[in-house]
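When you line the sequence shown up against this note's numbering, it's residues 6 to 652, in that order.
Yeah, the Cβ is synthetic: ideal placement off N, Cα and C, and Gly gets one too.
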Amino acid sequence: MQYHLNGYSPGNPTETRPKQATDTTNTSLPKEVDVLIVGCGPAGLTLATQLAACTDITTCIVEQKSGPLEKGQADGVSCRSMEMFNAFGFAHKLLQEAYWVNETTFWKPDPLDAQRIVRVGQIYDTEDDLSEFPHVILNQARVHDFYLEAMYNAPTALEPHYARRLLDLVVDEAAGPLDHAVTARFEATGDGQEGVTETVKARFVVGCDGARSRVRKSMGLELHGDSANQAWGVMDILAVTDFPDVRMKGLIQSHDQGSIVLIPREGGYLVRIYVEMDKLDKSQRVGERNITVEAIIAKANRVLRPYQLDVKQVVWWSVYEIGQRLTSSFDDAALPKHTARHPHVFIAGDACHTHSPKAGQGMNVSMGDAFNLGWKLVAVLRGQSQPALLRSYSEERQAVAQDLINFDREWAGILSHRPTAGAHNKTDGTSEETFESYFIKSGRYTAGTAVRYAPSMLTRTKEHQHLATGFDIGTRLHSAPVMRLADGKPMQLGHVVQADARWRLLVFSDASAPTPLSAMGRLCTFLNDSPDSPVRRHTVQGSDIDSAIDVRAIFQQSNRALEINDTPAFLRPCKGSLGLTDYEKMFTPDLRGGKDIFDMRGINRRLGCMVVVRPDQYVAHVLPLDAYEQLAAYFSAILNTADVQGK
Ligand SMILES: Cc1cc2nc3c(=O)[nH]c(=O)nc-3n(C[C@H](O)[C@H](O)[C@H](O)COP(=O)(O)OP(=O)(O)OC[C@H]3O[C@@H](n4cnc5c(N)ncnc54)[C@H](O)[C@@H]3O)c2cc1C
Numbered sequence: 006m007q008y009h010l011n012g013y014s015p016g017n018p019t020e021t022r023p024k025q026a027t028d029t030t031n032t033s034l035p036k037e038v039d040v041l042i043v044g045c046g047p048a049g050l051t052l053a054t055q056l057a058a059c060t061d062i063t064t065c066i067v068e069q070k071s072g073p074l075e076k077g078q079a080d081g082v083s084c085r086s087m088e089m090f091n092a093f094g095f096a097h098k099l100l101q102e103a104y105w106v107n108e109t110t111f112w113k114p115d116p117l118d119a120q121r122i123v124r125v126g127q128i129y130d131t132e133d134d135l136s137e138f139p140h141v142i143l144n145q146a147r148v149h150d151f152y153l154e155a156m157y158n159a160p161t162a163l164e165p166h167y168a169r170r171l172l173d174l175v176v177d178e179a180a181g182p183l184d185h186a187v188t189a190r191f192e193a194t195g196d197g198q199e200g201v202t203e204t205v206k207a208r209f210v211v212g213c214d215g216a217r218s219r220v221r222k223s224m225g226l227e228l229h230g231d232s233a234n235q236a237w238g239v240m241d242i243l244a245v246t247d248f249p250d251v252r253m254k255g256l257i258q259s260h261d262q263g264s265i266v267l268i269p270r271e272g273g274y275l276v277r278i279y280v281e282m283d284k285l286d287k288s289q290r291v292g293e294r295n296i297t298v299e300a301i302i303a304k305a306n307r308v309l310r311p312y313q314l315d316v317k318q319v320v321w322w323s324v325y326e327i328g329q330r331l332t333s334s335f336d337d338a339a340l341p342k343h344t345a346r347h348p349h350v351f352i353a354g355d356a357c358h359t360h361s362p363k364a365g366q367g368m369n370v371s372m373g374d375a376f377n378l379g380w381k382l383v384a385v386l387r388g389q390s391q392p393a394l395l396r397s398y399s400e401e402r403q404a405v406a407q408d409l410i411n412f413d414r415e416w417a418g419i420l421s422h423r424p425t426a427g428a429h430n431k432t433d434g435t436s437e438e439t440f441e442s443y444f445i446k447s448g449r450y451t452a453g454t455a456v457r458y459a460p461s462m463l464t465r466t467k468e469h470q471h472l473a474t475g476f477d478i479g480t481r482l483h484s485a486p487v488m489r490l491a492d493g494k495p496m497q498l499g500h501v502v503q504a505d506a507r508w509r510l511l512v513f514s515d516a517s518a519p520t521p522l523s524a525m526g527r528l529c530t531f532l533n534d535s536p537d538s539p540v541r542r543h544t545v546q547g548s549d550i551d552s553a554i555d556v557r558a559i560f561q562q563s564n565r566a567l568e569i570n571d572t573p574a575f576l577r578p579c580k581g582s583l584g585l586t587d588y589e590k591m592f593t594p595d596l597r598g599g600k601d602i603f604d605m606r607g608i609n610r611r612l613g614c615m616v617v618v619r620p621d622q623y624v625a626h627v628l629p630l631d632a633y634e635q636l637a638a639y640f641s642a643i644l645n646t647a648d649v650q651g652k
């Protein structure tokens, strides 16, 4: 798909007229809600889209700007974020519109003439079978658009309230964990609205309000960290150049003019260039340098010598300094004065962690924070789980942010390293080689697939990991191809995990036929009939049997060797008001690509196993097929029994 040929135009490239922002400036804020989200960045929109699917939960999302973002800011969407977008139902739209990062090239000073750069390497951007999705590049504003569309099309038709700025919030310390304990005050920012204030009471407030978060300040928290005292410029441009790799992601180090990170953008013409600018003095802020876009363009031309960059249009540009900062907690209950109570206020995204943008992690990690929190809020608000579950958000995501800060510090240092001409010929592991080798080494990290939650109530130890070595406990479910038994549809197993706050139990059969006495048959009998069955225990009466825990079976046989009516009836549940059969619970390997999911993910063929998957797509537990008690105990620690839910 090619666009922007005659200049940049924001919005949906398939629409001829730019989209108008919905005017919510004159709609009053609700007086009371379950969840109040402050900020319409990637973190806020991820959370709002999850909650928009829940008709039993009231949500309000407020943004100080007068409408949706139109351009600029982040653009890198990791493989892991694409997997999450698939759970929201819009990954296919990004695949169509975005630039796909397939290969990355590396440029360094020419050993024969250090004033010229030469290509020294070219690699695949992601390793084989890392994810079924590519790493893509798309304007953050378009990612916002997809979220806004999904929110609006959800059952609650949720829309942001624009043009309101949060002033402050106060928590009633005497309130119970599910009371409307937080009072938030907003001021209108629209024309003619000056001085108008509104108040919202909420059970939970989530500050997705960026690096200068008011929510964080109201909690009494600060970002701690340091600055590398290095200024960078970034610009989205339409340009003509003889640089041959302008449509490849490129990491370019010049001899004495600094570095460039070049990222081709959607539409076939647009390109983003990050340019290393001046070293700052110790106490100097980047704003004090008055760096202009002309200076960024001139510097880019010096780095790219002997190639030239003739900029035809600057679509967006900015300057920033590298710094890594992190807060000590992502919720208000972890503060020393509040450790006895459960959280009412959370922060997510840039409100908790900031770092340099070139590793493309800002938007991705921010969305990951919100995806982690969303299902936990749903579970607690529905009475499925105790409020204590909410504490796991800060525990899990603070550790992820700390890793990000460490990674970013290392990566930023490597990018600013001055290479010597001819350094790429070295094979002795000296620092000049680090640029390319570090990029390869950190491939899983930048793809977002290296996140691993530590063992906890939610994510268990590796006692039975040997039964499924490729479903690494604590990491995201690594999808693989399967074929749906009933209709022979080739698909990805991971795509059964939608952003609907449900748990998944993936049951990988042993080699035997699924008779009533087989391990699969006996497990299904337990799940269907036993009073100890977690499916029975945690499903509210009258709801579909898969509404809390969705069980899926994967057999080893080919689909033609299995007779559907011989499979356990539990795997063909009757659902809905008409009691229709759900035929989409059973799968077999899809062997047409020559690869079998049992081999790809190291499933023990003799014993089979159960894999518990959290609502945010992370592997929580691996268990033997007959570990009924352990399975029941796992869910009992997290989910309330159905009779107390909603009370
Ligand atoms: C100018 C800029 C340039 C960037 N450039 C890059 C880049 O080149 N590459 C890259 O990878 N990342 C970049 N980033 C970072 C990236 O955009 C963020 O990491 C990502 O957007 C974080 O998402 P978030 O939802 O946490 O916060 P944000 O995207 O910052 O969203 C916060 C939202 O909250 C709103 N808000 C703030 N305060 C209030 C308030 N009191 N009341 C109501 N609303 C409020 C803001 O208007 C904003 O819409 C840039 C960020 C900025 C701000």
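Environment of THR131 [buried if 16+ CB atoms lie within 10 Å]: On the sequence shown, position 126 is the one that residue 131 refers to. Classification for THR131: buried.
Contained alpha helix (DSSP H) runs [length at least 4] in the stretch 495-540, N- to C-terminal order: Note on the stretch 495-540: whole alpha helix (DSSP H) runs with a minimum of 4 residues are 524-534, in chain order.
Residue ranges of each beta strand (DSSP E) within the stretch 167-199, 3 or longer: Runs found: 169-176, 187-193.
Boundaries (first-last residue) of the alpha helix (DSSP H) holding LYS222: For the purposes of this step, residue 222 is identified with residue 217 of the sequence shown, where counting begins at 1. Per DSSP, LYS222 belongs to the alpha helix (DSSP H) from 219-224.
Member of PRO341, GLN391, ASN377 whose CA lies at the smallest distance from the CA of ALA506: Against the sequence shown, residue 506 aligns to sequence position 501. Looking from the CA of ALA506, the closest CA among PRO341, GLN391, ASN377 belongs to ASN377.
Buried versus exposed, by CB contacts within 10 Å (16 or more), TYR274: Reading the sequence shown from its first residue, position 269 is the one you call residue 274. Classified as buried, TYR274 has 16 or more neighbouring CB atoms from the shown chains inside 10 Å of its CB.
Proximity of ASN564 and LEU490 at Cβ, strictly below 7 Å: Counting from one through the sequence shown, the residue named residue 564 turns up at place 559. Counting from one through the sequence shown, the residue named residue 490 turns up at place 485. For ASN564 and LEU490, yes; Cβs fall inside 7 Å.
Of the residues ALA625, ASP551, VAL280, GLY46, the one placed nearest GLY72, counting alpha carbons only: The residue you call residue 72 lines up with position 67 of the sequence shown. Sorting ALA625, ASP551, VAL280, GLY46 by C-alpha distance to the C-alpha of GLY72 places GLY46 at the top.
Residues near ALA637 in its chain [Cβ-Cβ closer than 8 Å; skip 5 each side]: The count along the sequence shown starts at 1 and reaches residue 637 at position 632. Counting only Cβ-Cβ distances below 8 Å, and skipping sequence neighbours, we find ASP537, SER538, PRO539, ARG542.
C-alpha gap between MET156 and GLU137, whole angstroms: The residue given as residue 156 occupies position 151 in the sequence shown. The residue given as residue 137 occupies position 132 in the sequence shown. If you take the alpha carbons of MET156 and GLU137, they lie about 25 Å apart.
Beta carbon of ILE42 nearer than 7 Å to that of GLY81: As a position in the sequence shown, residue 42 is number 37, starting the count at 1. As a position in the sequence shown, residue 81 is number 76, starting the count at 1. Taking 7 Å as the cut-off, the Cβ atoms of ILE42 and GLY81 do not count as close.
Rounded separation between ALA119 and HIS260 - CA only: As a first step, residue 119 must be located in the sequence shown, where it is residue number 114. As a first step, residue 260 must be located in the sequence shown, where it is residue number 255. Approximately 6 Å between the Cα atoms of the pair.
Closer than 6 Å: GLY418 CB and nearest ligand 1 heavy atom: Taking the first residue of the sequence shown as position 1, residue 418 is located at position 413. No - ligand 1 has no heavy atom lying nearer than 6 Å to the Cβ of GLY418.
Under the three-state DSSP convention, the category HIS471 falls into: As a first step, residue 471 must be located in the sequence shown, where it is residue number 466. HIS471: helix per DSSP, three-state reduction.
Assigned exposure category for ASN11 - 16 Cβ within 10 Å defines buried: Residue mapping note: residue 11 aligns to position 6 of the sequence shown, counting from 1. Answer is exposed; the Cβ neighbour count stays below 16.
Neighbour-count burial assignment, LEU522, 16 or more Cβ in a 10 Å radius: Counted from its first residue, the sequence shown places residue 522 at position 517. By the neighbour-count rule (16 or more Cβ atoms within 10 Å), LEU522 is not buried but exposed.
Residue environment, ILE66, which counts as buried when at least 16 other CB atoms sit within 10 Å: Residue mapping note: residue 66 aligns to position 61 of the sequence shown, counting from 1. So ILE66 ends up on the buried side.
CA-to-CA distance, ILE569 to PRO341, given in whole angstroms: By 1-based counting over the sequence shown, the position of residue 341 is 336. By 1-based counting over the sequence shown, the position of residue 569 is 564. Approximately 57 Å between the Cα atoms of the pair.
VAL187 CB to nearest heavy atom of ligand 1 below 6 Å: Sequence index remark: in the sequence shown, residue 187 carries index 182 (1-based). The answer is no for VAL187.
C-alpha distance - HIS429 paired with TYR458, whole-angstrom precision: Translated into the one-based positions of the sequence shown, residue 429 becomes position 424. Translated into the one-based positions of the sequence shown, residue 458 becomes position 453. Residue confidence is low: HIS429 scores 48 on pLDDT, short of 50, so the model does not pin down where it sits. Its coordinate-derived value is still stated next. Between HIS429 and TYR458, the alpha-carbon positions lie close to 37 Å from each other.
Which residues DSSP lists as bridging PHE209, in chain order: By 1-based counting over the sequence shown, the position of residue 209 is 204. Its beta-bridge partners are VAL40.
Ligand 3 heavy atom lying under 6 Å from the CB of GLN78: Absence of ligand 3 from the depicted structure is noted, with ligand 1 being the only ligands included.
Whole-angstrom distance between ALA455 and SER447, CA atom to CA atom: Within the sequence shown, numbered from 1, the residue matching residue 447 stands at position 442. Within the sequence shown, numbered from 1, the residue matching residue 455 stands at position 450. Near 9 Å, if we compare the C-alpha coordinates of ALA455 and SER447.
Beta-carbon gap between ALA207 and ARG169 smaller than 7 Å: Here residue 207 refers to the residue found at position 202 when the sequence shown is read from its first residue. Here residue 169 refers to the residue found at position 164 when the sequence shown is read from its first residue. In this structure, ARG169 does not lie closer than 7 Å to ALA207 by Cβ.
Sequence-distant residues of its chain with Cβ nearer than 6 Å to ASN609 (five each side left out): Within the sequence shown, residue 609 is the residue found at index 604, counting from 1. The answer, listed in chain order, is LEU472.
Nearest-angstrom Cα separation, counted from ARG270 out to ALA244: Taking the sequence shown and counting its residues from 1, the one referred to as residue 244 is at position 239. Taking the sequence shown and counting its residues from 1, the one referred to as residue 270 is at position 265. Between ALA244 and ARG270, the C-alpha separation is close to 12 Å.
Burial state of ASP336, where buried means 16 or more other Cβ atoms lie within 10 Å: Here residue 336 refers to the residue found at position 331 of the sequence shown. The residue in question, ASP336, is buried, as its Cβ has 16 or more Cβ neighbours within 10 Å.
7 Å Cβ cutoff met for MET240 and VAL175: Within the sequence shown, residue 240 is the residue found at index 235, counting from 1. Within the sequence shown, residue 175 is the residue found at index 170, counting from 1. If you check the CB distance, MET240 and VAL175 do not come in under 7 Å.
Cβ-Cβ separation, THR593 to PHE560 (assumed contact under 8 Å), whole Å: By one-based count along the sequence shown, residue 560 stands at place 555. By one-based count along the sequence shown, residue 593 stands at place 588. In this structure PHE560 touches THR593 by the C-beta definition: roughly 5 Å separates them, less than 8 Å.
Backbone secondary structure at HIS543 - three-state DSSP: Taking the sequence shown and counting its residues from 1, the one referred to as residue 543 is at position 538. Three-state DSSP puts HIS543 in a helix.
Cut-off 8 Å between Cβ atoms - residues of its own chain near VAL187, not counting five sequence neighbours on either side: Here residue 187 refers to the residue found at position 182 of the sequence shown. Closer than 8 Å at the Cβ level, and outside the excluded window around VAL187, lie LEU41, LEU174, VAL175, VAL176, ASP177, LYS206, ALA207, ARG208, PHE209, VAL210, HIS349, VAL350.
Rounded straight-line distance, which links the Cα of ASN645 to that of ASP184: Taking the first residue of the sequence shown as 1, we reach residue 184 at position 179. Taking the first residue of the sequence shown as 1, we reach residue 645 at position 640. The C-alpha of ASP184 lies about 19 Å from the C-alpha of ASN645.
Buried or exposed (CB count within 10 angstroms, at least 16 for buried), ASP492: Numbered from its first residue, the sequence shown carries residue 492 at position 487. Using a 10 angstroms sphere on the CB of ASP492, the tally of other CB atoms stays under 16, which defines it as exposed.
Contact between the stretch 372-389 and the stretch 288-307 (3+ Cβ pairs under 8 Å): The stretch 372-389 makes no contact with the stretch 288-307; the number of CB pairs closer than 8 Å stays below 3.
In DSSP terms, what PHE111 is bridged to: Numbered from its first residue, the sequence shown carries residue 111 at position 106. Bridge partners of PHE111: GLY126, LEU256.
Spatial distance of PRO495 from PRO486 (CA atoms): The residue given as residue 495 occupies position 490 in the sequence shown. The residue given as residue 486 occupies position 481 in the sequence shown. Counting only the Cα atoms, PRO486 lies some 7 Å from PRO495.
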